[in-house]
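Chains as they are written, first to last, in our numbering: chain B, 7 to 307; chain D, 1366 to 1696.
Each residue gets a CB set at the ideal place from its N, CA and C atoms; glycine is no exception.
Okay, so here's the structure we're looking at.
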Amino acid sequence: MAAALKCCSTLRVSEKIIEGLLWLSAVITILITGGIIWVLLSESISFFQIVPLSEFLTEKEWTPLFADKKFGIMPLVAGTFLTTAVAIAVALPLGLTIAVYLNEYAHARMKQVVKPLLEVLATIPTVVYGFFALTVVTPFLQTLIPSLAGFNALSAGIVMGIMIIPMISSLSEDAISSVPRALREAAYGMGSTRLQTAFGVMVPAASSGIVVSVILAISRAVGETMIVAIAAGQQPRLTLNPLVPIETITTYIVQVSLGDVPQGSLEYRTIFAAGITLFVFTFALNNLSFWIKKKYQEKYD
Amino acid sequence: MLKFKLTSAKVNAALLLGTTLLLGACGGNTSEEATGGADLADNIQIDGSSTVYPITEAVAEEYRAEAPDVKVTVGVSGTGGGFKKFTRGEIDIVDASRQIKPSEDSLARANGIAYLELPVAYDGLTVVVHPQNNWVKDITTEELKKIWEPAAQGKIKRWNQIRPEWPDQEIHLYGPGVESGTYDYFTEAVVGESGASRGDYTASEDDNVLVQGVSTDPNALGFFGFAYYEENQNKLKLVPVDDLNDANGKGAVLPTLEAVKDGSYAPLSRPLYIYVNSKAANSPAVVDFVNFYLNNAGELSQEVGYIPLPAQLYQQQQEKFKQFAQTAGKK
């Protein structure tokens, strides 16, 4: 070491050390991701050796903890899908409209005030959202829909939609503002109104960015745990009815992890099977968003 | 030689880093000392049944006035979950809404844990529906079995499948999860085999979740310990149960004090227990707490909505526990 120090300049050695440390921190994140995938895969493989994949995907009931064990993931997927669909139905119109408004219509000062306030929506703890859904939104909805059950996908979905509005609005707004001014000015020059410019020219031009923001919001909603665990119920059922108690994949994982299942048992491995299903969905969605961005991004240079 | 210019900025940074680390380490040490000094036995760990929880929590609260230095923590993992911890020696006392199973007993023996079973109250397991439910006037044990047995999974989904006069609406079921003693007891008493139940219902070891579910869902049917009904009477409707055994009280019976005491509210009357670890009985704090428990369980269990044992039974338990504590001390 002393010889190395003597022959090389100290600057180069410390540079190499720093480079090495930075490389290490980048690699660590990759290794951690790989580690998580490895754990999920290894436990899931032992699960699928007992429960065939065909049963997992086609069986219509999910009752792994009870006497009559059924291992169909579809009820949980239906629950996740239902709450996500309601969330997007709330967040997409609102988020997109907010993005268009902030970009095309709002004064700079209004934009300065509204943007940070929107971000606050994203920083509210999800457990508070869940509690809000259970104690405020559900009773209110029950006055409108008397047959609504106390635990249901509708109020959880609505509150989840409120939570992801900032995601859609800020990413869409970035997409819309990256459309060159020339396009907007050309539209005005042709005699279009603000509304026509906004929704006829700007939004289609920014569509790849907007679609990416929606996909990312979907993947966020799919992985959301606390809101649905508190407000959507704990009854796995294969339904598209948002007015009844359901169970999402994430709620099931919470329910079993907080309980006392023996390690290594089949019930324990269902956690990993559900986890890997969730991972597959979010992974596919994220990759889809990369692919869309790459393929459809218009280059305006 | 390493050219390291010792600028004042670098010195300050180093000093700051050093002091922070030092303070952090010191802080850790002082807190360790503080807890290390306190006697571990002054911390009583209780866990287990959510049904028995209201009694134990009430006792712990009253006990805080007696002995403010003793910290009593009461968890709610369900009877099964509580026994898992108890047989590993992780807790001192387990709340149980059913008796210990042979498998749990052998696990305790394998881990060298001796215990004492102490009944503390009676419970009338209640069947409840939403207050707006105006078609259920009573229910029989046969119907309960029809609703909850494993064969009902995916099949019994509407009220009129149970009794034709009832409406053609969906039935939403709420009940304890598999770790719950109430679950074990109900399945044994109604279905005939402990643990045999359908799986497609809202299952939770936390009875408050079940109360929330039934009280907000017009099509709901659920069951849990009487204390949880008592506390939420304005949100729930009680359903009298008919055990189809005229010798045991004709017709459907409500879970009142008398009905549970004289056995006519069957088969859903059951004793509630605590189990005490012999090693824990070595500590004077635990002995004092258990004696306090047995002295006050009669009054407090009634306050929270359960049925007290006869007074002599509590006396007998205290004697039993005294002997247990003495022999435990000698181990």
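Output the boundary residues of the alpha helix (DSSP H) element that contains residue 1591 of chain D.
-> Walking along the second sequence from the start, residue 1591 of chain D turns up at place 226. 1591 to 1596 is the extent of the alpha helix (DSSP H) around residue 1591 of chain D.
Does the beta carbon of residue 1515 of chain D come closer than 7 angstroms to any beta carbon on chain B?
-> Taking the second sequence and counting its residues from 1, one reaches residue 1515 of chain D at position 150. By this cut-off, residue 1515 of chain D is an interface position.
Of the residues that make up the segment 1407 to 1439 of chain D, which ones have a beta carbon closer than 9 angstroms to any beta carbon in chain B?
-> none
Look at the Cβ atom of residue 1 of chain B, then the Cβ atom of residue 249 of chain B, and state whether they are nearer than 7 angstroms.
-> Within the shown structure, residues of chain B are numbered from 7 to 307, placing residue 1 of chain B beyond reach of any answer.
Would the segment 69 to 79 of chain B and the segment 1515 to 1528 of chain D be scored as touching if the rule is three or more Cβ pairs under 8 angstroms?
-> yes
Does any CB atom of chain B fall closer than 7 angstroms to the CB of residue 1569 of chain D?
-> Here residue 1569 of chain D is taken as the residue at index 204 of the second sequence, counted from 1. Yes, because at least one Cβ of chain B sits closer than 7 angstroms to the Cβ of residue 1569 of chain D.
Cα-Cα, which of B/296, B/256 and B/99 is closest to residue 167 of chain B?
-> In the first sequence, counting from the first residue as 1, residue 167 of chain B sits at position 161. For the residues B/296, B/256 and B/99, the minimum Cα distance to residue 167 of chain B belongs to B/99.
Segments of 4+ residues assigned as alpha helix (DSSP H) that fall wholly inside the segment 50 to 105 of chain B = 59 to 64
Identify whether residue 244 of chain B lies in helix, strand or coil by the three-state DSSP scheme.
-> For the purposes of this step, residue 244 of chain B is identified with residue 238 of the first sequence, where counting begins at 1. Looking at residue 244 of chain B - three-state DSSP - the assignment turns out to be coil, as it is neither helix nor strand.
Buried or exposed: which applies to residue 68 of chain B, given that a residue is buried once 16 or more other Cβ atoms fall within 10 Å of its Cβ?
-> Counting from 1 along the first sequence, the entry for residue 68 of chain B is found at position 62. With 16 or more other Cβ atoms within 10 Å, it is buried.
What does residue 67 of chain B reach in chain D if we use C-beta pairs closer than 8 angstroms?
-> Sequence index remark: in the first sequence, residue 67 of chain B carries index 61 (1-based). Within 8 angstroms Cβ-Cβ: 1518, 1519, 1564 and 1565.
Consider the Cβ of residue 74 of chain B: report whether some Cβ of chain D lies at a distance smaller than 7 angstroms.
-> Taking the first sequence and counting its residues from 1, the one referred to as residue 74 of chain B is at position 68. It does; some Cβ of chain D falls within 7 angstroms.
Starting from residue 1492 of chain D and walking both ways along the alpha helix (DSSP H), at which residues does that stretch end?
-> Numbered from its first residue, the second sequence carries residue 1492 of chain D at position 127. It is not in any alpha helix (DSSP H) - residue 1492 of chain D instead sits in the beta strand (DSSP E) that spans 1491 to 1494.
If I'm right that residue 294 of chain B touches residue 221 of chain B with Cβ under 8 angstroms, what's the distance once you round it to whole angstroms?
-> As a working note, residue 294 of chain B is residue 288 in the first sequence. As a working note, residue 221 of chain B is residue 215 in the first sequence. Contact holds; Cβ gap of about 6 angstroms.
Determine the direct distance from the alpha carbon of residue 299 of chain B to that of residue 196 of chain B, and round the result to whole angstroms.
-> The residue you call residue 196 of chain B lines up with position 190 of the first sequence. The residue you call residue 299 of chain B lines up with position 293 of the first sequence. Straight-line Cα distance between these residues: approximately 29 angstroms.
Along the segment 128 to 149 of chain B, what residues have a CB closer than 8 angstroms to any CB found in chain D?
-> 140, 144, 145 and 148
Roughly how many whole angstroms lie between the Cα atoms of residue 30 of chain B and residue 119 of chain B?
-> The residue given as residue 30 of chain B occupies position 24 in the first sequence. The residue given as residue 119 of chain B occupies position 113 in the first sequence. About 41 angstroms.
Alpha carbon of residue 85 of chain B to alpha carbon of residue 245 of chain B, nearest angstrom = As a first step, residue 85 of chain B must be located in the first sequence, where it is residue number 79. As a first step, residue 245 of chain B must be located in the first sequence, where it is residue number 239. Their backbone Cα atoms lie some 8 angstroms apart in a straight line.
Using three-state DSSP, classify residue 1535 of chain D as helix, strand or coil.
-> Reading the second sequence from its first residue, position 170 is the one you call residue 1535 of chain D. Three-state result, residue 1535 of chain D: strand.
So what does DSSP say about residue 130 of chain B, is it helix, strand or coil?
-> The residue labelled residue 130 of chain B in the question sits at position 124 within the first sequence. Of the three classes helix, strand and coil, the one that applies to residue 130 of chain B here is coil, per DSSP.
Within the segment 156 to 184 of chain B, ranges of the alpha helix (DSSP H) (whole runs, at least 4 residues) | 159 to 183
Report back the beta-carbon spacing between residue 1409 of chain D and residue 1651 of chain D to the nearest angstrom; my notes put them in contact at under 8 angstroms.
-> Counting from 1 along the second sequence, the entry for residue 1409 of chain D is found at position 44. Counting from 1 along the second sequence, the entry for residue 1651 of chain D is found at position 286. Right, the Cβ-Cβ distance comes to about 6 angstroms (below 8 angstroms), so this counts as a contact.
To the nearest angstrom, how far is it from the Cα of residue 136 of chain B to the Cα of residue 257 of chain B?
-> The sequence position of residue 136 of chain B within the first sequence is 130, counting from 1. The sequence position of residue 257 of chain B within the first sequence is 251, counting from 1. One C-alpha to the other measures close to 12 angstroms.
Taking residue 250 of chain B as the query, report the chain D residues whose CB atoms sit under 8 angstroms from its CB, ordered along the chain.
-> Position 244 of the first sequence holds residue 250 of chain B. Those within 8 angstroms of residue 250 of chain B in chain D are 1535 and 1537.
Does the segment 1626 to 1641 of chain D come within contact of the segment 1451 to 1464 of chain D, defined as at least 3 CB pairs closer than 8 angstroms?
-> yes
Are the C-beta of residue 85 of chain B and some C-beta of chain D separated by less than 7 angstroms?
-> Within the first sequence, residue 85 of chain B is the residue found at index 79, counting from 1. So, not an interface residue.
Output the boundary residues of the beta strand (DSSP E) element that contains residue 250 of chain B.
-> Within the first sequence, the letter at position 244 stands for residue 250 of chain B. That residue, residue 250 of chain B, is in no beta strand (DSSP E); it is neither H nor E in DSSP.
Measure the C-alpha to C-alpha separation of residue 226 of chain B and residue 61 of chain B and round it to an integer number of angstroms.
-> Taking the first sequence and counting its residues from 1, one reaches residue 226 of chain B at position 220. Taking the first sequence and counting its residues from 1, one reaches residue 61 of chain B at position 55. Those two C-alpha atoms are separated by around 28 angstroms.
Have a look at residue 1574 of chain D and residue 39 of chain B and give me their C-alpha separation to the nearest angstrom.
-> The count along the second sequence starts at 1 and reaches residue 1574 of chain D at position 209. The count along the first sequence starts at 1 and reaches residue 39 of chain B at position 33. Cα to Cα, residue 1574 of chain D sits roughly 35 angstroms from residue 39 of chain B.
Proximal residues, the segment 1442 to 1472 of chain D versus chain B, C-beta separation under 7 angstroms = 1442, 1445, 1446 and 1449
Whose CA, out of D/1480, D/1576 and D/1627, lies closest to the CA of residue 1491 of chain D?
-> For the purposes of this step, residue 1491 of chain D is taken as the residue at position 126 of the second sequence. Closest option to residue 1491 of chain D, Cα to Cα, is D/1576.
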